[in-house]
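The next block holds one structure in the form of structure tokens; read it before the comments.
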Amino acid sequence: MACSGEESMRLWFLIPLLCLPTLIRSEDYSDVTIVVRGAETIASTSDEFICATIDWWPPEKCNYDQCPWGQASILNLDLTNPLLAKAIQAFSPLRIRLGGSLQDQVVYGTPNLGSPCTPFSKSSSGLFGFSQGCITMERWDAINKIFVDTGAVVTFGLNALQGRQQMGRGVWGGAWNSSNAREFMEYTVSMNYPIDSWEFGNELSGSGIGASVGAEEYGKDIIELKNIISQLYGNSRKPLVVAPGGFYDQKWYAQLLDISGPNVLDAMTHHIYNLGAGNDPQVANRILNPQYLSQSSDTFRDLQMTIQRHGPWSAPWVGEAGGAYNSGSRKVSNTFLNSFWYLDQLGQSAKYDTKVYCRQTLIGGNYGLLDTETFVPNPDYYRQVFLYFALPQSCFTTLYTFCTKPLYMFSALLWHRLMGKGVISLDTSGSSYLRAYAHCGKQKGGVALLMLNLNKNMGFMVSVRNDLNINFREMAGIKRDNSFVHGLKRTVSWVGSKASDGLEKREEYHLTPQDGNPFARTVLLNGAPLQLTGDGDIPSLPPVMVSVNSPIYVAPLSIAFVVFPDFEAEGCER
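Note that the sequence shown covers residues -26 to -1, 1 to 548 in mature numbering (1 follows the signal peptide of the UniProt record, and there is no 0).
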């Protein structure tokens, strides 16, 4: 049967493999077998694993002759925009981390501040070229209103430099002056604002970015913060203490845990910008290089081991990750291509017990999940939620003038809805350009599989096997954890201890860029764009239902989420 492109698009939802023989030649795809080891989980995330940040940068923040932040700061973001609330609500819940580079220059407009409460301004003598900035309690009230209304889980980053003095180039010393932060927290408690966690400082660990503080002093300050929280919250549920929100430095992080002591620091946050500067021409190539992507595992593994050895009461979090630093890459960070980096980061970090992964940003810069001008989701939004927004007519008539800018938040939403907390080991035969991650299914049980095809020209025909039905002879050629699987036939996908009778179905969600262009800002789900409703609401996200006996075709430069509701995974049932 020969199929035209238009016919193939329609048939995708009905008979996903019917047209494949005429659309691809044998040399255009490679057979792959994935063996899922569901007997036990190897790690776990949290219910709020997906997280996004809101930063402090004012409109004057510029990099590489561009100023991409607009009105996206904690101080000036339009909190009444209906798309903002709907984007947050879609996650139910979404963790939001409030913080960033200017965090340690923020003061709080409480009654005893003793100086005017004014926003940031350009200053050659200030850190990062900006003066001290202040948030009023009226603005804090407005921020908390939208978070309460949308059910957001809030992590707030406190100023850890208050009261300290610069001792040398980039090195700060002296005691932390907690009085302004304490009064701010006291006001927050009095208003019953449900802060989930207080984070201490931003990028002050190790050699720091702009400024640094020694681990011994930092540890003592965290003890003080813990005591303040205990006093202010009394018998109520106490927020977590999180730190240091910097780049991982093994010696510094270990010393911080040793100094602060048992049960003080609940989570250790670190930042990731592993793709280079925003103007680096190699950013796109790095995203499609599987060996380069895998380097991040060293950091995730090392932090996990540091916590196990020095502070097993704590947990690893990624507190901020934007891929390319200095506001992201304007050519890559807001395109479909960036989704490969982002989802691969989620998959890698989860394998090492990372409980939270905060994407820089929810809105602002070139890497926002929402477009800075229109608030319309970018592709990475849907990869988290699994959507693509085609804009309703009201977008052009009542909401915004420039709503044609696309949607990047969908990957995050997809992950959030499909991938459960339990992480499962798997083994993969074939090319390293097919990246695969398995989790317990989130809503329907079974197993959820994420596959990323980084190859520009080669598709993969994937058969999924449960290690329950692989005999010892077949197991002999298997190397554990994403290495080669030899001698396994591609004939069927077995998801239990017996071959399927053909009645079981799996759910498939395929994400591709418009016109096959990886730099596109429009994403297709199963070959077609999903549209917002006339009210701007997120639509339903129906999967393609496919027999588990058929292989899965993952097209070149595409992303596939596949859910096996009937997969026998004992580790997911505990």
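Positions of the beta carbon are idealized from the N, C-alpha and C atoms, including for glycine. The structure displayed is predicted, hence computed values, not measured ones.
Nearest candidate by alpha-carbon position, reference residue i, set the options
i	options	result
H484	M519, K119 and I533	I533
E34	T27, I28, A26 and G44	G44
N429	D354, Q229, I261 and S164	I261
F174	S164, N151 and V163	N151
G404	G508, N427, G415 and E478	N427
E478	D509, W389, P492 and S524	S524
A189	V292, G147, Q269 and T27	G147
T162	G137, G125 and T110	T110
A126	I70, R333, P286 and G88	I70
N263	D232, S303, A241 and N312	N312
E347	S18, C41, T19 and S20	C41
V421	F65, E112, N431 and R439	R439
Cross-strand partners of residue i (DSSP beta bridge)
i	result
K96	F104
P351	L344
M435	D5 and Y527
S323	Beta-bridge pairing links S323 to no other residue.
residue 552	The shown model of the chain, from -26 to 548, leaves out residue 552, and the question about it has no answer.
L499	L485 and A502
Terminal residues of the beta strand (DSSP E) in which residue i lies
i	result
F130	V127 to L132
Y483	K479 to P487
P218	L214 to G220
V81	V80 to G83
G147	V145 to G147
N427	V421 to N427
V520	V518 to S521
C25	I24 to I28
C-alpha gap between residue i and residue j, whole angstroms
i	j	result
I24	Y3	33 Å
residue 560	N154	Summary: the structure shown does not reach residue 560, with the chain confined to residues -26 through 548, and so no result is reported for it.
G103	K96	6 Å
V81	F130	13 Å
K194	N133	15 Å
D441	R11	6 Å
I197	R211	18 Å
P487	N352	12 Å
K60	K395	24 Å
I48	S514	31 Å
V306	L343	13 Å
T335	I444	43 Å
I16	S385	23 Å
Y407	S98	46 Å
Q205	G501	55 Å
A543	W172	37 Å
G510	P56	8 Å
P539	W315	27 Å
V520	S234	53 Å
V537	P286	33 Å
L135	Q79	7 Å
L178	V497	38 Å
D170	A324	21 Å
I120	I337	15 Å
Limits of the alpha helix (DSSP H) - the one that residue i falls within
i	result
L388	S385 to L392
L267	P264 to S268
W226	Q224 to S234
S532	Where S532 is concerned, there is no enclosing alpha helix (DSSP H), given that its DSSP letter is neither H nor E.
W114	M111 to T124
S153	S153 to S164
Q45	Unbroken run through Q45: none, as it is neither H nor E.
D195	A189 to Y207
residue 549	For residue 549 there is no data in the structure shown, the boundaries of the chain being -26 and 548.
I261	V257 to I261
Short CB-CB distance (under 7 Å) between residue i and chain C
i	result
L230	In summary, chain C is missing from the structure at hand, where a single protein chain is found.
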